[in-house]
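J.: Please find one structure pasted underneath; my questions will follow.
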Amino acid sequence: MDQFHDIRPYNDDEVAEVLYNLVEMPDFINTIIGFRFAKWPRFLQAPLAFGVKFALKRQIAKIKNVHDFQMIVANYMERMIKTTTTNVEYRGIEKLDKNTGYLFLSNHRDIAMDPAFVNYGLYLAGLNTVRIAIGDNLLRRPFVSDLMRLNKSFIVKRSANGIREMMAAFGQLSAYISHSLVKDQANIWIAQKEGRAKDGLDQTDPAIIKMFYMSQKKEKIPFSQAMANLKIVPVSISYEYDPCAFEKARELHQKSTTGNYEKAEFEDIDSIKNGIVGQKGKVVVTFGDVMKDEFETPETFVAEVDRQIISHYAIHSTNEAALAMQQGLPSTDKVFASYLERCPDDLKETVLAMYANPLKQQQAYSPT
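Numbers 1 to 368, taken from the UniProt record's numbering, label the letters of the sequence shown in order.
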């Protein structure tokens, strides 16, 4: 019996049927049309839908398994990197063993691109790609769920109601992660806390670590040994420019001024799209050191994860310029100053804080 059937990624023998059903989903086809042909007249919707379906059917006929699907994703990643970044740099990836399954515990800036950049680096280095943790709040449209699970994503049930249902969901998730790492020797990517760090401050949620421990705790395995079993590697991802910065600032500003922010129904989907197509400048992904068995509590474990993520965060000229401007000094980056001019006046202080905070956090760990 498949105890993880409702949260796990799709298996190779399920790919063909899922793809066939995807192409028959009007919502999926219309989303592609809206993404690729947004400026075309609406009366061309029907012929465009026919053409898109025809092209997709030809493409999916060549896809026999998850690897085939991910090779298509890799081609899109290459194109995206060429058009939206100036450079992508990977640090520390040479420390990883191809025959070991790691749990990559990452800071979180972008819904889709954070795990995508980690995945692409592993792919280039000849390592196995990751199984990606994704919240069910992002899967309100069925085709999104199917696409994510085809790309080795597994579902985190954030919408579980009541203590009993939540504990059951966390228990299943903990067991799946342990099974993936220990039994399957598969790699996992998961964010250090729920939701993106919209303010630029990276901090691990101890509840995530406690969730990791749940399945091994049942087996009476000590916390320190259980964490070592999972081969957890802190990962720092930094973007020179955040494509969703102004939208994040709008949410933070509204929360600070009104005390509330109500997301539009498909706002997260728009964030995914903007994160993919928006300009990012230089991107740096840094893999830290595997966490050892020297941590007796979730709190001490979290402190070391945070230390690695913050100290390994690659500081860009945009971070330095933002901090200088916060201090009333001239911008040290003319391009960033020009970028900031496009930001609405009421959001500028929030955007400056977003870019300055990673540098402030790093300085707090290693004051000069």
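Yeah, the Cβ is synthetic: ideal placement off N, Cα and C, and Gly gets one too.
Is it right to say G195 is buried, meaning 16 or more other beta carbons lie within 10 angstroms of its own, or is it exposed?
T.: Locating residue 195 in the sequence shown gives position 195, where the first residue counts as 1. G195 comes out exposed.
J.: Would you check if the distance between the CB atom of M227 and the CB atom of G171 is smaller than 7 angstroms?
T.: Here residue 227 refers to the residue found at position 227 when the sequence shown is read from its first residue. Here residue 171 refers to the residue found at position 171 when the sequence shown is read from its first residue. No, Cβ-Cβ distance for M227 and G171 is not below 7 angstroms.
J.: What are the start and end residues of each continuous beta strand (DSSP E) run of 3 or more residues lying completely inside the UniProt domain "Phospholipid/glycerol acyltransferase" (88 to 237), in chain order?
T.: Segments of the beta strand (DSSP E) lying fully in the UniProt domain "Phospholipid/glycerol acyltransferase" (88 to 237): 103 to 106, 130 to 135, 153 to 156 and 187 to 191.
J.: Residues bridged to K282 by DSSP?
T.: By one-based count along the sequence shown, residue 282 stands at place 282. In DSSP, K282 forms a bridge with N87.
J.: Using the C-alpha atoms, what's the distance from I163 back to P358?
T.: As a working mapping, residue 358 is identified with position 358 in the sequence shown. As a working mapping, residue 163 is identified with position 163 in the sequence shown. Computed Cα separation, rounded: 35 angstroms.
J.: Exposed or buried, what is H5 when buried is set at 16 or more other beta-carbons lying within 10 Å of its beta-carbon?
T.: Within the sequence shown, the letter at position 5 stands for residue 5. Answer is exposed; the Cβ neighbour count stays below 16.
J.: Have a look at S311, H312 and T332 and flag the residue whose alpha-carbon is nearest the alpha-carbon of N319.
T.: Residue mapping note: residue 319 aligns to position 319 of the sequence shown, counting from 1. It is T332.
J.: So, do the stretch 221 to 235 and the stretch 275 to 292 have three or more beta carbon pairs nearer to each other than 8 angstroms?
T.: With the cut-off at 8 angstroms, the stretch 221 to 235 and the stretch 275 to 292 touch.
J.: Does the Cβ of residue 455 have 16 or more other Cβ atoms within 10 Å, making it buried, or fewer, making it exposed?
T.: What the structure shows of the chain is the stretch from 1 to 368, and residue 455 is not part of that stretch, so it cannot be assessed.
J.: For R8, collect the residues of the same chain with a Cβ closer than 7 angstroms to its Cβ; drop the 5 residues on either side in sequence, then sort them by chain order.
T.: By one-based count along the sequence shown, residue 8 stands at place 8. Result list for R8: F154 and Y176, in chain order.
J.: Which residue or residues does DSSP assign as beta-bridge partners of F266?
T.: Here residue 266 is taken as the residue at index 266 of the sequence shown, counted from 1. None; F266 has no bridge partner.
J.: L19 and F28 - do their beta-carbons sit closer together than 7 angstroms?
T.: Here the question's residue 28 lines up with position 28 in the sequence shown. Here the question's residue 19 lines up with position 19 in the sequence shown. No, the pair does not count as a contact, with Cβ atoms beyond the cut-off.
J.: Specify the secondary structure class of Y239 as computed by DSSP and reduced to three states.
T.: In the sequence shown, residue 239 corresponds to position 239, counting from 1. Strand at Y239.
J.: Expressed to the nearest angstrom, what Euclidean distance is found between the alpha-carbon atoms of residue 369 and T258?
T.: A question about residue 369 goes unanswered here, because the residues of the chain that appear run from 1 up to 368.
J.: Can you have a look at S338 and say buried or exposed, based on whether 16 or more other CB atoms are within 10 angstroms of its CB?
T.: The residue labelled residue 338 in the question sits at position 338 within the sequence shown. So S338 ends up on the exposed side.
J.: Looking at the unbroken alpha helix (DSSP H) that takes in I32, where does it start and where does it end?
T.: As a working mapping, residue 32 is identified with position 32 in the sequence shown. Segment P26 to R36, the alpha helix (DSSP H) holding I32.
J.: In angstroms with no decimal places, state the Cα-to-Cα distance between L204 and V233.
T.: Residue numbering aside, residue 204 sits at position 204 when the sequence shown is read from its first letter. Residue numbering aside, residue 233 sits at position 233 when the sequence shown is read from its first letter. Residue 204 is actually Thr in this sequence, not Leu. Using only the alpha carbons, I get a separation of about 13 angstroms.
J.: Contact defined as beta carbons within less than 8 angstroms: I believe E240 pairs with G281. What is the distance between those atoms, to the nearest angstrom?
T.: Position 240 of the sequence shown, counted from the start, is the residue given in the question as residue 240. Position 281 of the sequence shown, counted from the start, is the residue given in the question as residue 281. Contact holds; Cβ gap of about 3 angstroms.
J.: Can you give, in chain order, each stretch of the beta strand (DSSP E) that sits fully within the stretch 284 to 368 and has at least 3 residues?
T.: The qualifying runs do not exist here; there are none.
J.: Short of 6 angstroms in beta carbon distance, which residues of its chain neighbour T368, apart from the five on each side in sequence? Order them along the chain.
T.: For this step, residue 368 is matched to residue 368 along the sequence shown. Confidence at T368 is low in this model, with a pLDDT of 46, below 50, so its placement is unreliable and the value that follows should be read with caution. Here the set comprises nothing.
J.: Taking the C-alpha atoms as reference points, what is the distance between E165 and D136?
T.: Residue numbering aside, residue 165 sits at position 165 when the sequence shown is read from its first letter. Residue numbering aside, residue 136 sits at position 136 when the sequence shown is read from its first letter. The straight-line gap from Cα to Cα measures roughly 14 angstroms.
J.: Is I72 helix, strand or coil by DSSP?
T.: Within the sequence shown, residue 72 is the residue found at index 72, counting from 1. Looking at I72 - three-state DSSP - the assignment turns out to be helix.
J.: I need the straight-line Cα distance from M77 to G34, nearest angstrom please.
T.: Stepping through the sequence shown from its first residue, residue 77 is reached at position 77. Stepping through the sequence shown from its first residue, residue 34 is reached at position 34. Answer to the nearest angstrom: the Cα atoms are 20 angstroms apart.
J.: Measuring CB to CB, does I237 end up less than 7 angstroms from A112?
T.: Walking along the sequence shown from the start, residue 237 turns up at place 237. Walking along the sequence shown from the start, residue 112 turns up at place 112. In this structure, A112 does not lie closer than 7 angstroms to I237 by Cβ.
J.: Got a sec? Which residues, its chain only, sit under 6 angstroms from Q3 by beta carbon, not counting five neighbours each side?
T.: Position 3 of the sequence shown holds residue 3. Hits under 6 angstroms: none found.
J.: Can you have a look at Q308 and say buried or exposed, based on whether 16 or more other CB atoms are within 10 angstroms of its CB?
T.: Here residue 308 corresponds to residue number 308 of the sequence shown, with the count starting at 1. When all chains shown are included, Q308 counts as buried.
J.: Would D110 pass as a contact of G275 if the rule is Cβ separation under 7 angstroms?
T.: Within the sequence shown, the letter at position 110 stands for residue 110. Within the sequence shown, the letter at position 275 stands for residue 275. For D110 and G275, yes; Cβs fall inside 7 angstroms.
J.: Taking C-alpha atoms, which residue in K360, L352, Q326 and A133 lies nearest to D202?
T.: The residue you call residue 202 lines up with position 202 of the sequence shown. Per the Cα distances, K360.
J.: Do the CB positions of L252 and K193 come within less than 7 angstroms of each other?
T.: Counting from 1 along the sequence shown, the entry for residue 252 is found at position 252. Counting from 1 along the sequence shown, the entry for residue 193 is found at position 193. No, the Cβ-Cβ distance between L252 and K193 is not below 7 angstroms.
J.: Thinking just about the alpha-carbon of each residue, which of T100, E262 and A116 is nearest to the one in S106?
T.: Along the sequence shown, read from residue 1 onward, the residue named residue 106 stands at position 106. Ranking the options by Cα distance to S106, first place goes to A116.
J.: Going by C-alpha to C-alpha distance, which of M325, S180 and E349 sits closest to A249?
T.: In the sequence shown, counting from the first residue as 1, residue 249 sits at position 249. When each option's Cα is compared against that of A249, the closest is E349.
J.: Let's test the definition: count the other Cβ atoms within 10 Å of the Cβ of Q216 and tell me whether it reaches 16, buried, or not, exposed.
T.: The residue given as residue 216 occupies position 216 in the sequence shown. Buried: at least 16 other Cβ atoms inside 10 Å.
J.: Would F143 be called buried (16 or more neighbouring beta carbons within 10 Å of its own) or exposed?
T.: As a first step, residue 143 is located in the sequence shown; it is residue number 143 there, counting from the start. Answer is buried; the Cβ neighbour count reaches 16.
J.: With DSSP run on the structure shown, which of helix, strand or coil describes D2?
T.: Locating residue 2 in the sequence shown gives position 2, counting from the first residue. Note: D2 maps to coil in three-state DSSP.
J.: Using 7 angstroms as the threshold, is the C-beta distance between F295 and F287 below it?
T.: Working through the sequence shown from its first residue, we reach residue 295 at position 295. Working through the sequence shown from its first residue, we reach residue 287 at position 287. No, Cβ-Cβ distance for F295 and F287 is not below 7 angstroms.
J.: Which term fits A55, buried or exposed, when burial requires 16 or more other beta carbons within 10 angstroms of its beta carbon?
T.: Taking the first residue of the sequence shown as position 1, residue 55 is located at position 55. Exposed is the call here.
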